[in-house]
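Asks: With our numbering as the guide, the letters of the sequence shown map in order to residues 1003 to 1366.
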Amino acid sequence: MSALNRVRLVLFCLLFLPLAAFSQQQAAPTPPPDQLPAASAPISEARDSNLVLDVVVTDRSGKPRAGLTQNDFVVRDNNQIRKILSFRAVDSAAPAEPVKIILLVDEVNTSFTRVAYERDQLKKFLLQNGGQLTHPVSLAFFSDTGTEMQSGSSRDGNALLADFDQHVTKLRTIRRSAGFYGAEERLDLSLKAIGMLAATESKEPGRKMVIWISPGWPILSGPNITLTAKEQQGLFSSIVYLSTALRQARITLYSIDPLGVADAATTRVFYYEEFLKPVSKPQDAQAGDLALQVLARQSGGQALNSSNDITQQITRCVAEADAFYTLTVEPVPSDRPNQSHVVAVSVETAGMTARTRSLYYGQP
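1. Determine the DSSP secondary structure at Ser1113, reduced to helix, strand or coil.
2. Count the CB pairs spanning the region 1072-1086 and the region 1294-1302 that are closer than 8 Å, and state whether there are at least three.
3. Tell whether a beta-carbon distance below 8 Å holds between Asn1340 and Tyr1363.
4. Looking only at its chain, what residues have a beta carbon closer than 8 Å to the beta carbon of Gly1154, apart from the 5 residues adjacent to it on each side?
5. State whether the region 1277-1294 contacts the region 1228-1237, with contact taken as three or more CB pairs (one from each stretch) at a distance under 8 Å.
6. Which of the three DSSP states, helix, strand or coil, is assigned to Gln1235?
7. Smallest Cα separation from Gly1224: which of Pro1333, Thr1136, Tyr1274 and Lys1126?
8. With DSSP as the reference, label Gln1299 as helix, strand or coil.
9. How should Ile1083 be labelled, buried or exposed, when 16 other C-beta atoms within 10 angstroms of its C-beta is the threshold for buried?
10. What separation, rounded to the nearest whole angstrom, lies between the Cα atoms of Thr1254 and Arg1090?
11. Name the DSSP beta bridge partners of Thr1355, please?
12. Should Gly1184 go down as buried or exposed, given a rule of 16 or more other Cβ atoms within 10 Å for buried?
13. Can you give me the C-alpha to C-alpha distance between Phe1143 and Val1107, rounded to a whole angstrom?
14. Grab the span of the alpha helix (DSSP H) containing Val1271 for me, first residue to last.
15. Which residue comes first and which comes last in the alpha helix (DSSP H) that contains Gln1314?
16. Name the residue from Thr1351, Leu1162 and Ser1360 whose alpha carbon lies nearest to the alpha carbon of Gly1132.
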């Protein structure tokens, strides 16, 4: 089978987006295919009556800004100003339920030697302030056999580091076929992992921040890849599925590229920006629309690269849990299934930038 045909096959198979094993301490077997949900199936229609947005407002230096009120915000859905039904400011002066922060180490898309470097950088982060973290953190590890998540969250960086050290001793070199065939497998494993993570976290209340340390999975898009209408429909269904799953789980996704300055001069670190525009119809769907960095930016998070200081980048992401705003708005009605909606939140204060989920798919 040619590489082109294999690309078309894997994209079409994404319609079903089978969910990978995801456990608290040990990966569980993947359920049989007949027990897997189709990507086009509704996630939870009852939870879509109103749109919940977690908004971070930063100043010119990039520092999160606290102290704003509801009157400072304007929310637009497909260019229509929407009424804010509820408003909550979360900061040190108005504490709420802790934000769940998940640090996920990607051992599938990152080399063994680079994961070892990540370990040193994570150690520095966990041992800041004598190991007393400002927010509860949990660790997750994505490998060939599934995603392993340490049970519970903790502010004790020393205890988290002990768990991490125990896991690192089990690492092995990823023995996967090279070239295109390996890229296909990594894409498949990665999308299964993020889908299962969203499905698992949707059962828990509150906001979650998932910091995915990875250069990202293969984009598998380009001018020489042509898909049939049926294949594009399947890919579009997967795009809608993952976007909806992340939104309903209230996950803000962050990606940190551990390749650092070694990758800074390449076009790869910016190529994902070609796919940031919302996909409104199947005939526009490409595999690049499911890139890690694209999902992160569309969820309201960041895609960080070109720095060897992973510790600082993690700290930068975690700081966005210090001050943010949760807005509930009435969405613009959808007149067709899977209608794309562009969301924009602005603040009236000069020099302030609001960042939140920029896209969702609505149902009539």
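C-beta atoms are modelled at their ideal positions from N, C-alpha and C, and glycine is treated no differently.
Replies: In this structure, then:
1. coil
2. no
3. The criterion of a C-beta distance shorter than 8 Å is satisfied by Asn1340 and Tyr1363.
4. Ser1140
5. Short answer: they touch.
6. helix
7. Tyr1274
8. Looking at the sequence provided, one finds Arg at residue 1299 rather than Gln. Helix, per DSSP.
9. exposed
10. 17 Å
11. Per DSSP, Thr1060.
12. Exposed is the call here.
13. Approximately 5 Å between the Cα atoms of the pair.
14. Note, Val1271: alpha helix (DSSP H), Arg1270 to Tyr1273.
15. Ile1312 to Val1320
16. Leu1162
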